[in-house]
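Below: one structure, written as structure tokens.
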DNA sequence: ATTTGCTTTACGGTTTCCCGTAAAAAAAGA
DNA sequence: TCTTTTTTTACGGGAAACCGTAAAGCAAAT
């Protein structure tokens with residue numbers, strides 16, 4: 020089993036229960052950080068002597084007064100990977116939007132995800148054991164939800180224009196913006212066509228509906 | 020100090036850390052329930068012998084398969100008060116919207132609120148000690164933050180029409196729906212006027228922007 | 001260089017939305 | 001009961017969005 024685990028979690032209560040769970044697995048050497056910056060510092064310092072084998076991290080870290088360089092779990096994961104590419108990473112968060120969790124595995128290549136939910140402590144144990152055996156740990160509600168996705172596959176172009184709509188920009192003004200930011204295609208027709216395609220794929224009729232959907236799914 | 024405490028919390032990890040906190044306060048007799056129904060049953064049964072002195076409860080309970088009569092912390096509090104009016108109640112939740120927390124104190128007369136956040140375990144200890152001394156425990160960020168709200172105060176009418184927009188209904192079709200459901204005013208002009216008022220209060224220009232905002236704030 | 005196929009843009013007609021004004025209805029006050 | 005005030009609705013002009021079609025641009029292949 021792992022000997023050296025780091026916990027990055029701003030909620031004291033959550034951190035306590037993770038520590039308890041690690042103790043149940045006879046993992047004695049665990050450190051914990053309440054801030055991402057502190058977590059990264061510990062990872063960096065540990066490179067010389069005994070590097071951490073596993074990082075358990077939350078996704079959202081609340082901004083209290085203290086100014087931090089790294090303010091989210093995603094950013095911490097990226098930074099940690101630069102310092103120690105082989106570090107195993109387990110995300111423990113309340114996030115349940117499939118798009119967000121999917122991005123963790125696809126883009127950040129995390130080794131596991133456990134959602135803060137009913138039997139999360141048990142899940143946490145299973146996940147740690149799986150990862151120790153070099154297996155990934157997906158939440159089971161997610162294992163099927165991935166391909167159940169007959170929905171639409173949002174490109175960065177899609178999210179860009181939906182974000183602009185959500186920010187209050189008029190549709191007719193978007194082409195100018197796209198051109199200035201070298202996002203292509205920039206024409207109004209292309210934009211309309213793309214929006215139609217997305218809405219048809221999801222059987223939506225209005226932009227408002229699309230925005231609500233993207234917010235729910237964490238796409239924007 | 021309290022001798023008899025009940026924890027109602029669906030997240031196993033949160034429950035564990037509450038138990039740990041109680042143990043630190045030398046409270047040995049603590050029970051825990053993962054469902055509201057179970058919590059109420061325990062409170063009712065304990066009436067004969069040794070009633071609980073304190074209930075620590077979450078607000079949101081996730082709906083897994085098991086059908087439950089009580090599905091929220093608010094409902095549990097109301098039901099518990101009917102069974103045991105003198106029961107002290109401490110809410111421990113991630114909720115941070117001032118309106119919701121305010122309602123707990125004003126309407127449900129809870130004795131304390133601790134938000135799941137940075138130093139929540141310490142807060143929990145303080146809150147329990149305060150409540151034991153018959154004092155209320157308000158989160159400090161709440162003591163001033165109450166009236167900072169320069170935003171718009173959404174009525175049920177507001178959320179109804181925004182929800183309809185988010186569901187894809189065309190604006191011109193909403194009056195019919197409102198009339199059929201006896202929501203008034205139902206006229207298209209009134210609806211437009213109301214939407215304009217909201218958007219102006221928030222300096223928004225487009226419906227899409229409003230929908231995104233309401234999704235972010237949990238208003239719809 | 002020319003053709004072919006695809007992507008992007010331009011344009012016009014139609015619908016919906018936006019917004020101001022005025023009429024109608026309802027509520028409040030005398 | 002009859003004003004007065006407020007709220008709600010109706011209407012109309014103009015702007016934006018919607019939607020289909022056709023033209024233009026562009027890349028790969030012949």
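Protein chains in written order, with the numbering used here: chain A, 20 to 239; chain B, 20 to 239. Here a beta-carbon is modelled for each residue, glycine too, at the ideal position from N, C-alpha and C.
Taking a Cβ-Cβ threshold of 9 Å, the residues of chain A close to residue 184 (chain B) are 225, 227, 228, 231, in chain order. A contact is defined here as three or more CB-CB pairs under 8 Å, and the region 131-142 of chain B meets this definition with respect to the region 26-42 of chain A. Not a single CB atom of chain B sits nearer than 8 Å to the CB of residue 191 (chain A). For the region 50-67 of chain A, the set of residues with a beta-carbon nearer than 8 Å to any beta-carbon of chain B comprises 53, in chain order.
The beta carbon of residue 45 (chain A) sits no closer than 8 Å to any beta carbon of chain B. Under the Cβ criterion of 8 Å, residue 30 (chain A) is counted among the residues facing chain B. Annotated three-state conformation of residue 52 (chain A) is strand, per DSSP. Rounded to whole angstroms, the Cβ separation of residue 192 (chain A) and residue 217 (chain A) is 20 Å, and the two are not in contact under 8 Å. Residue environment: residue 203 (chain A) is assigned as exposed (fewer than 16 neighbouring CB atoms within 10 Å of its CB, all protein chains considered). Among the residues of the region 79-100 of chain A, those with a Cβ less than 8 Å away from any Cβ of chain B are 81, 83, in the order of the chain. Nearest neighbour of residue 55 (chain A) by Cα position, chosen from A:211, A:79, A:209, A:188, turns out to be A:79. Here residue 200 (chain A) is exposed, its C-beta having fewer than 16 other C-beta atoms within 10 Å. Ranking B:129, B:187, B:182 by CA distance to the CA of residue 225 (chain A) puts B:187 first. Between residue 82 (chain A) and residue 111 (chain A), the CB-CB gap reaches or exceeds 8 Å.
For residue 131 (chain B), the enclosing beta strand (DSSP E) starts and ends at 131-134. In the DSSP assignment, the residues bridged to residue 76 (chain A) are A:27, A:110.
The Cβ of residue 199 (chain B) sits no closer than 8 Å to any Cβ of chain A.
The DSSP-derived three-state label of residue 36 (chain A) is helix.
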